[in-house]
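Novice: Before I ask anything, let me first share the structure, which is written out below as structure tokens.
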Amino acid sequence: MPFVLDVSKIANIQGMNWTVSYFNERVREEITKWPVGIYADFLRLIFLMEEHGADLRLPHSRAMGDGLFELRCKGEEGIGRVFYCTLVGRQIVILHSFIKKTQETPDRELKTARKRLKEVKHG
46 MPFVLDVSKI ANIQGMNWTV SYFNERVREE ITKWPVGIYA DFLRLIFLME
96 EHGADLRLPH SRAMGDGLFE LRCKGEEGIG RVFYCTLVGR QIVILHSFIK
146 KTQETPDREL KTARKRLKEV KHG
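Per the numbering used here, the very first residue in the sequence shown carries number 46; after that it's consecutive.
Here it is as structure tokens:
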């Protein structure tokens, strides 16, 4: 039986310096269903961001423009991507995620993230 890490209790994590929250409950749930290796890397990177801030660099994160960032999660099972943004008050908002199946980021995934970014930043 595979080990399953349930972090449902930490949907809104109060970190040392930064607070991580999710665009909605569905975004959080989708990430918790990722393969365990990819999910473990996601948690490791989130804990780093909580403690040190959202300014991770390649190979862990990269700027996508206009305040959108991509977190790059890897495991034996493949690659996951998480789009996030930052807000005033040391807040990180997880906007969208997907398991990567091709070399390029699909347009629909990026469009979803950008739409949610606008909603978070401008209401």
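Note that beta-carbon positions come from the ideal geometry of N, C-alpha and C, so glycine has one too. These numbers were taken from a predicted model, which means no experiment stands behind them.
May I have the straight-line CA-CA distance separating Asn62 from Arg153, to the nearest angstrom?
Specialist: Arg153 has its alpha-carbon roughly 33 Å from the corresponding atom of Asn62.
Novice: What runs of the beta strand (DSSP E), each 3 residues or longer, lie entirely inside the segment 96-134?
Specialist: Segments of the beta strand (DSSP E) lying fully in the segment 96-134: 106-110, 113-120, 123-132.
Novice: One question on the structure: do Leu88 and His105 come within less than 8 Å of each other, judged by their Cβ atoms?
Specialist: no
Novice: Going by DSSP in three states, Lys145 sits in which element: helix, strand or coil?
Specialist: strand
Novice: Quick one: Cα of His167 to Cα of Gly112, how far?
Specialist: Spanning the two alpha carbons is a distance of roughly 12 Å.
Novice: Looking at Val138: is its Cβ nearer than 8 Å to the Cβ of Phe92?
Specialist: At least 8 Å separates the beta-carbon of Val138 from that of Phe92.
Novice: Have a look at Leu155, Gly82, Lys145 and flag the residue whose alpha-carbon is nearest the alpha-carbon of Glu121.
Specialist: Gly82
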